[in-house]
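The structure under discussion appears below in the form of structure tokens.
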Amino acid sequence: MKKRDYTPLLADLAEAYARHSPKSRAIHERAEEVLVDGGSHSLRLIEPFPPRVVSARGAYITDEDGHSILDFWQGHLANILGHNPSVVTAMLARALEEGVGLQTGFSDRLQAETAEILCKQTGAERVRFTTSGTLATMYTIILSRAFTGRDLVMKVGGGWHGAQPWALKGVDYHTNSENGFQRIESGGVPLAVVDKVIVSGFNDPERLREHFREHGDRLACFIVEPFLGAGGFKAASLEYLQTARELCHQYGAVLIFDEVISGFRFCAGSAGSLYGVQPDLATFGKIVGGGMPQAAVAGRADIMNLAGRQSGSKVRFSGGTYSGHPGSLLAAKTLMTYLVEHEAEIYPYLAKTGQRAREMATAIFEEEGIWARCTGDGGDVLPGSSLFMIHFPYDKDTELERPEDWSDPTNCDVILSHKVLDLALLLEDVFLSRSHGALTVAHTEADLDRLGDAFRSAARRIRKYR
Ligand SMILES: Cc1ncc(COP(=O)(O)O)c(C=O)c1O
């Protein structure tokens, strides 16, 4: 497959989309006057403008132009039952009627009940709630530094842990950077912090050993996703996570699993438990929040208690006006309880539909003359996966094993996967974000047929320009 200049195709797609969605476009123009780029999360602000949503239910969103859009983005992969599932909305509606839901600023029974579920399902001893995955990962790192008295933090290239100082290095691939993943990703980040961040390679146990040999005695923590999310939808190998566990133990560093994506995605609990590898600390968010801004840090009591009175609140993990918000906790508890009770039906269904989506994407694009590969399967350990990410390698035999493989624009057609496909699919009223998506319980086999049809139409539209 050759490199293409997509300028004419993108211009034609943008023009067709502007005709397709005039109301969303008008609202976007208005939004740009008061919001940076017209919104508050860059991933949502697809170019030339995003569909503006008026309502969402199950597998579908309805936009301002009246389109019913089949959605695989599902709230940044948070909505495992689909949009606004009645199991959660009915509970919230009833609670609001009874005076439970908005902020109280008090502690309640819900906090204890929700934390009990998290501990039971993930093997953690203590939990503290916060409002975003970003804050959760930041607190795990502060806790680790205080616990070990050390200053270095290690993460992996392609690992996304939110935009907090210790995580803003080695997120995106840069062709002129060592291993592609060594850059500082934001202005304004204190260099004294970023200089303490070491970037290792995902699923590369040998490199991990080297990094520990070199820095192990100064390492406060190693933070890693058991299933790499934004960096490419790849399950860690068992050997890799076991090696990480052993090395952290050997060198006295804290092992952090960032389970903001993987938590309750592959089972009603942590991915770590499926690997049989227990981290010292873990972060949860997305699915766990039941559609509300709810996140958690969970882990060993001796580390977590650094945030508590017992240690003189050595770590100031204590603020957050909206931490432990009653409405969010009610949604979180309701959803997690539902997932635990229906685990045996939900996860096999998600695994089956996920597999079909991945197979369909590869097959349909290839039938239309475009080589495609999907990541997102559960690998050797996870029992199945509802996630899929489509990549377009230039060479049909390219192995897609590590983030470098699919992020390097000389290896894979990243303009096609990051820009062109999303827009081409939107014209079919199907939404993927940067060619990745998630199945939910709300997606039916008929929805998958529709996804397949959309892949085919998009492929044909793209092929005309290749
Ligand atoms: C693995 C991972 N960690 C942390 C975060 C940050 O979470 P939030 O966006 O809730 O701040 C994300 C968000 O996508 C994530 O995927």
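Residue numbers (this note's numbering): 2 to 467.
We put the beta carbon where it would ideally sit given N, CA and C, even for glycine.
**Q.** Sheet register partners of F228 (DSSP bridge)
**A.** Residue mapping note: residue 228 aligns to position 227 of the sequence shown, counting from 1. According to DSSP, which records beta bridges pairwise, F228 is partnered with A236.
Q | Euclidean distance between Cα positions of H175 and G181 | A | Here residue 175 is taken as the residue at index 174 of the sequence shown, counted from 1. Here residue 181 is taken as the residue at index 180 of the sequence shown, counted from 1. About 5 Å.
**Q.** For D64, the first and last residue of its enclosing beta strand (DSSP E)
**A.** Here residue 64 is taken as the residue at index 63 of the sequence shown, counted from 1. Its beta strand (DSSP E) spans residues Y61 to D64.
Q: Tell me K156's beta-bridge partners as DSSP assigns them.
A: The residue labelled residue 156 in the question sits at position 155 within the sequence shown. According to DSSP, which records beta bridges pairwise, K156 is partnered with V200.
Q. Between R317 and I28, what straight-line distance do the alpha-carbon atoms span, to the nearest angstrom?
A. Numbered from its first residue, the sequence shown carries residue 317 at position 316. Numbered from its first residue, the sequence shown carries residue 28 at position 27. Our two residues, R317 and I28, have alpha carbons roughly 41 Å apart in a direct line.
Q: Please classify F223: does DSSP put it in a helix, a strand, or coil?
A: In the sequence shown, the residue the question calls residue 223 occupies position 222. Here F223 sits in strand by DSSP.
Q.
Given this structure, state the Cα-to-Cα distance separating T354 from R53, to the nearest angstrom.
A. Counting from one through the sequence shown, the residue named residue 354 turns up at place 353. Counting from one through the sequence shown, the residue named residue 53 turns up at place 52. T354 and R53: Cα-Cα distance of roughly 27 Å.
Q: Could you tell me the boundaries of the alpha helix (DSSP H) in which L144 lies?
A: Numbered from 1 along the sequence shown, position 143 holds the residue referred to as residue 144. G134 to T149 is the extent of the alpha helix (DSSP H) around L144.
Q. Sorry if obvious, but does the Cβ on I262 come closer than 7 Å to a heavy atom of ligand 1?
A. Reading the sequence shown from its first residue, position 261 is the one you call residue 262. Result yes, Cβ under 7 Å from ligand 1.
Q: Please determine if the stretch 185-196 and the stretch 224-232 are in contact, where contact requires at least 3 C-beta pairs separated by less than 8 Å.
A: With the cut-off at 8 Å, the stretch 185-196 and the stretch 224-232 do not touch.
Q: Would you mind stating whether A236 and G106 have Cβ atoms separated by less than 8 Å?
A: In the sequence shown, the residue the question calls residue 236 occupies position 235. In the sequence shown, the residue the question calls residue 106 occupies position 105. No.
(Q) With three or more beta-carbon pairs closer than 8 Å as the criterion, would you say the stretch 39-59 touches the stretch 394-406? (A) no
Q) So what does I70 bridge to, in DSSP terms? A) Taking the sequence shown and counting its residues from 1, one reaches residue 70 at position 69. Partner(s): I62.
**Q.** Selection from T135, E186, P191 and P280 that minimises the alpha carbon distance to Q243
**A.** Taking the first residue of the sequence shown as position 1, residue 243 is located at position 242. Distances from the alpha-carbon of Q243 to those of T135, E186, P191 and P280 put P280 closest.
(Q) Using only CA atoms, which one of R95, R359, T90 and A425 lies nearest to D450? (A) As a first step, residue 450 is located in the sequence shown; it is residue number 449 there, counting from the start. The option with the nearest alpha carbon to D450 is R359.
Q. Which residues in the same chain as R146 place their Cβ atom closer than 6 Å to its Cβ, once the five residues preceding and following it in sequence are excluded?
A. Within the sequence shown, residue 146 is the residue found at index 145, counting from 1. Its chain contains A221 as the residues whose beta carbon lies nearer than 6 Å to that of R146, once the 5 sequence neighbours on both sides are disregarded; these appear in chain order.
Q. What did DSSP end up calling G124 once you bin it into helix, strand or coil?
A. Locating residue 124 in the sequence shown gives position 123, where the first residue counts as 1. Of the three classes helix, strand and coil, the one that applies to G124 here is coil, per DSSP.
Q: Would you decide whether S271 is buried or exposed? Buried here means 16 or more other CB atoms lie within 10 Å of its CB.
A: One-based indexing of the sequence shown puts residue 271 at position 270. It is buried - the Cβ of S271 has at least 16 other Cβ atoms within 10 Å.
Q: Would you decide whether K4 is buried or exposed? Buried here means 16 or more other CB atoms lie within 10 Å of its CB.
A: The residue given as residue 4 occupies position 3 in the sequence shown. Exposed, by the Cβ-count rule.
Q: Measure from the alpha carbon of L468 to the alpha carbon of each residue in H68, A459 and G188, then state which is nearest.
A: Here the chain comprises residues numbered 2 to 467, so residue 468 is not present and cannot be evaluated.
Q) Which same chain residues, not among the five before or five after K24, have their C-beta less than 6 Å away from its C-beta? A) Taking the first residue of the sequence shown as position 1, residue 24 is located at position 23. Contacts found: E65 and D66.
Q) Roughly how many whole angstroms lie between the Cα atoms of L71 and L428? A) Within the sequence shown, the letter at position 70 stands for residue 71. Within the sequence shown, the letter at position 427 stands for residue 428. Looking at the two C-alpha atoms, the distance is approximately 11 Å.
Q) Are the Cβ atoms of S434 and D423 separated by less than 8 Å? A) Locating residue 434 in the sequence shown gives position 433, counting from the first residue. Locating residue 423 in the sequence shown gives position 422, counting from the first residue. Yes; because the gap between Cβ atoms is below 8 Å, this pair is in contact.
Q | M390 in three-state terms, based on DSSP | A | To locate residue 390, count along the sequence shown from 1; it is residue 389. Looking at M390 - three-state DSSP - the assignment turns out to be strand.
Q: Measure the beta-carbon distance from N286 to G76 and round it to whole angstroms, keeping in mind my assumption that it falls under 8 Å.
A: Residue 286 sits at position 285 when you count from the first residue of the sequence shown. Residue 76 sits at position 75 when you count from the first residue of the sequence shown. Inspection of the sequence shows that residue 286 is occupied by Gly rather than by Asn. In fact, because the Cβ distance is near 11 Å, the residues do not count as touching under 8 Å.
Q.
I'd like the list of long-range same chain contacts for C120, defined as Cβ closer than 8 Å, with 5 residues on each side in sequence excluded.
A. Walking along the sequence shown from the start, residue 120 turns up at place 119. Once the five neighbours on either side are set aside, the close Cβ partners of C120 are E126, R127, V128 and A299.
Q) Are the beta-carbon atoms belonging to I142 and W167 less than 8 Å from one another? A) By one-based count along the sequence shown, residue 142 stands at place 141. By one-based count along the sequence shown, residue 167 stands at place 166. Yes, they are a contact pair.
Q: Give the range of the alpha helix (DSSP H) segment to which F366 is assigned.
A: Here residue 366 refers to the residue found at position 365 of the sequence shown. The continuous alpha helix (DSSP H) containing F366 extends over residues E344 to E368.
(Q) Can you check which of these residues, C413, Y339, V255 and K156, is closest to G150 by C-alpha distance? (A) One-based indexing of the sequence shown puts residue 150 at position 149. Comparing Cα positions, the closest option is V255.
Q: Confirm, please, whether the CB-CB distance from S178 to A164 is below 8 Å.
A: Position 163 of the sequence shown, counting from 1, holds the residue named residue 164. Position 177 of the sequence shown, counting from 1, holds the residue named residue 178. Result no, Cβ atoms of A164 and S178 do not sit closer than 8 Å.
(Q) Using a Cβ-Cβ cutoff of less than 7 Å, which residues in the same chain neighbour P191 once the five nearest sequence positions on both sides are dropped? (A) Residue numbering aside, residue 191 sits at position 190 when the sequence shown is read from its first letter. Cβ within range, chain order: P166.
**Q.** Continuous beta strand (DSSP E) stretch holding R374: start and end
**A.** Position 373 of the sequence shown holds residue 374. Start and end: R374 to T376.
**Q.** Status (buried if at least 16 other CB within 10 Å, exposed otherwise) for Q251
**A.** Position 250 of the sequence shown, counted from the start, is the residue given in the question as residue 251. Taking all protein chains in view, the Cβ of Q251 is surrounded by fewer than 16 other Cβ atoms within 10 Å, so the residue is classified as exposed.
Q.
Using the three-state DSSP reduction, which class does C413 fall into: helix, strand or coil?
A. Translated into the one-based positions of the sequence shown, residue 413 becomes position 412. Looking at C413 - three-state DSSP - the assignment turns out to be strand.
Q. Would you call the CB atoms of L336 and V89 closer than 8 Å?
A. Counting from 1 along the sequence shown, the entry for residue 336 is found at position 335. Counting from 1 along the sequence shown, the entry for residue 89 is found at position 88. It is a contact, given that the beta carbons lie within the stated cut-off.
Q. Are the stretch 79-99 and the stretch 287-298 touching, with three or more C-beta to C-beta distances below 8 Å?
A. yes
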